[in-house]
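Right, one structure below, let's go through it.
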Amino acid sequence: MGSTDIRLESVDISFRNEQVLEDVHLDVDEGEFCVIVGPSGCGKSTLLQSIAGLTEPDRGRVFIDGTDAAELSVQDRELGYVFQEFEDALFPHMTVGENVAFGVRQQDEAVDEEELQRKIDEMLELLAIGDTKDDPPSELSGGQQQRVELARQLIRECDTMLLDDPLADLDYKLQKQMELEIRRLHEDLGSTFVYVTHNQDQALKLADKIVVMNEGRIEQIGTPSDVYHHPKTAFVARFLGDNNAVDGEVAETDSDGCTVDTAFGRVAAENVNDAASGDTGLLQIRPVNVAIGDDAVGLDNEFEATPMGSTYMGETTEIAVSIEENDFYAIVPGKAEVGEYDETVRVGWDREDAQFFTEMSVTETETASDILKL
9 MGSTDIRLES VDISFRNEQV LEDVHLDVDE GEFCVIVGPS GCGKSTLLQS
59 IAGLTEPDRG RVFIDGTDAA ELSVQDRELG YVFQEFEDAL FPHMTVGENV
109 AFGVRQQDEA VDEEELQRKI DEMLELLAIG DTKDDPPSEL SGGQQQRVEL
159 ARQLIRECDT MLLDDPLADL DYKLQKQMEL EIRRLHEDLG STFVYVTHNQ
209 DQALKLADKI VVMNEGRIEQ IGTPSDVYHH PKTAFVARFL GDNNAVDGEV
259 AETDSDGCTV DTAFGRVAAE NVNDAASGDT GLLQIRPVNV AIGDDAVGLD
309 NEFEATPMGS TYMGETTEIA VSIEENDFYA IVPGKAEVGE YDETVRVGWD
359 REDAQFFTEM SVTETETASD ILKL
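Below, the structure is given as structure tokens:
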């Protein structure tokens, strides 16, 4: 099993005079698991279609293994593609097993049928649809049909797999199981995977490389850890994971960062976009980085707050507090109750866990108010 490298250079695509992709530059390395994430309508699926050859760029070029894809037909690109709109992809006159086998038989007319049937059985069992092998697609639920299409593409063991939100219609438990299995399949096959999703948690779990998109443009590219802990814009910080966010104005800057005046006091923060004194922007602190009670004492930023409520989330508890009538959240391990705290409680975080942004997004059209609505 081989793998493929993919490059997009200055790709623009528009439909009916509406810009869908704008100046997209992207390198996907051979054997990499690249996840493209962003809100609905940001151009994720169009980017995938440009790689597959289903949508041609208005400007720019796509390269597959160093070859200009304009010279390659869709068939010659030898890609596996799991569509988001999967219903029309299955042949209604074939059984599930025949649908899964179709692509393999097209690739190799002399395929070993006994080995193929073994692989089909294994793949269907893996996707929890083993008992549907002899059924027509019409007798399956939407989620089951999507798994059939996923099986049909994965069993082909292509050098590159393009997956357009393949787990979107699965229930929570099966999604979690399939995330592990897709990652395992990627490692076993050694193929290049380009995976589109709007699910931030899924992106962080699966990716070697994350591409965050917004309104047809790429906001940031990096490893999951880098993009999560070191976002370059307020949009990326807000979109990937929960955040406490508040407007602020830079009071001072120094070599360690900046201090920001906010509605609840002065905060020491990381100066992400090299803001100067007097600049306004958005301060963001992730709830997992907010300490509460004795754990907050002595941190770079420490405030008195009023406990407002708690939500038990299984492995963690979300504690809601008010700092000078500003809602704030802390996520603490295990189960905790607001009643465990006094009428007031200390909350805090270190400078490196607070990020101040003057750049809201690469689109240059979004304001702090727009980001706060995410």
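Numbered per this note's numbering, the sequence shown spans residues 9 to 382. Even glycine gets a Cβ: it sits at the ideal position worked out from N, Cα and C.
- The shortest C-alpha to C-alpha distance from VAL119 to any of ILE339, ILE163, GLU86 and THR140 is the one to ILE163.
- Annotation for LEU16: VAL32, LEU34 and VAL70 place their beta carbon closer than 6 Å to its own, counting only its chain and skipping 5 residues before and after.
- In the structure shown, the three-state DSSP call for PHE99 is coil.
- Contact check for ILE72 and PHE243: beta-carbon distance about 30 Å, past the 8 Å limit, so the pair fails to qualify.
- By the neighbour-count definition (other C-beta atoms within 10 Å, threshold 16), ALA211 is a buried residue.
- Looking at the DSSP output, GLU260 bridges to THR267.
- Residue pairing by DSSP places ALA299 opposite GLY356 in a beta bridge.
- Out of LEU307, HIS238 and ARG359, the CA that lies nearest to the CA of ALA276 is found in ARG359.
- The C-beta separation of ILE327 from TYR337 comes to about 7 Å, placing the pair in contact by the 8 Å criterion.
- The beta strand (DSSP E) runs of length 3 or more contained entirely in the stretch 306-335 are, from start to end of the chain, 309-320 and 324-331.
- Proximity of the stretch 185-194 to the stretch 94-110 falls short of the contact definition, fewer than three beta-carbon pairs being nearer than 8 Å.
- In the DSSP assignment, LYS240 is bridged to no other residue.
- Taking a contact as a CB-CB distance under 8 Å, the pair ARG294 and GLY249 counts as one, their CB atoms being some 6 Å apart.
- Your pair ASN281 and GLU367 checks out as a contact, with CB atoms roughly 5 Å apart and the cut at 8 Å.
- Of the residues SER18, ASP13, GLY46 and LEU29, the one whose Cα lies closest to the Cα of VAL235 is GLY46.
- Under the three-state reduction of DSSP, GLU189 is assigned to helix.
- Rounded to whole angstroms, the separation of the alpha carbons of ALA283 and LEU135 is 50 Å.
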